[in-house]
Amino acid sequence: MKTTNDLYVSKALEEVWKLKEKAYEATKDMSFDQLREHYKKSIEQAAILLGAKISQTDNGAYKFHK
Numbered sequence: 275m276k277t278t279n280d281l282y283v284s285k286a287l288e289e290v291w292k293l294k295e296k297a298y299e300a301t302k303d304m305s306f307d308q309l310r311e312h313y314k315k316s317i318e319q320a321a322i323l324l325g326a327k328i329s330q331t332d333n334g335a336y337k338f339h340k
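Residues in the sequence shown are numbered from 275 upward in steps of one, following the numbering used here.
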């Protein structure tokens with residue numbers, strides 16, 4: 275059992291922390307424009323995996339459609 279400040283930390287939460295750290299390390303030195311392009315490519319890959327289409331809203335967010 276892992277502990278942080280004497281509190282139990284589940285394995286699932288540890289995995290989330292590791293994933294967040296990995297994402298941070300991969301993007302920490304990117305400019306805003308590089309980040310925007312990175313996330314756009316990630317969304318496009320997710321859409322392919324889900325068999326969905328994406329559209330961009332007026333405020334710049336993306337939506338998945340079946």
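Glycine included, each C-beta is placed from N, C-alpha and C at the ideal position.
On a predicted model such as this, the values are computed, not experimentally measured, just so you know.
Query raised in the report: In the structure shown, what three-state DSSP assignment does Lys285 receive?
Result: Lys285 falls in the helix class under three-state DSSP.
Query raised in the report: To the nearest angstrom, how far is it from the Cα of Gly325 to the Cα of Lys340?
Result: Going by the C-alpha atoms only, they are around 7 Å apart.
Report task. For Gln308, write down the residues that DSSP places opposite it in a beta bridge. Result -> For Gln308, which the question treats as bridged, DSSP gives no partner whatsoever.
Query raised in the report: Does DSSP put Lys337 in a helix, a strand or coil?
Result: If DSSP states are grouped into helix, strand and coil, Lys337 belongs with the strands.
Query raised in the report: Along the chain, where does the beta strand (DSSP E) that runs through Lys327 open and close?
Result: From DSSP, the beta strand (DSSP E) with Lys327 extends over 327–330.
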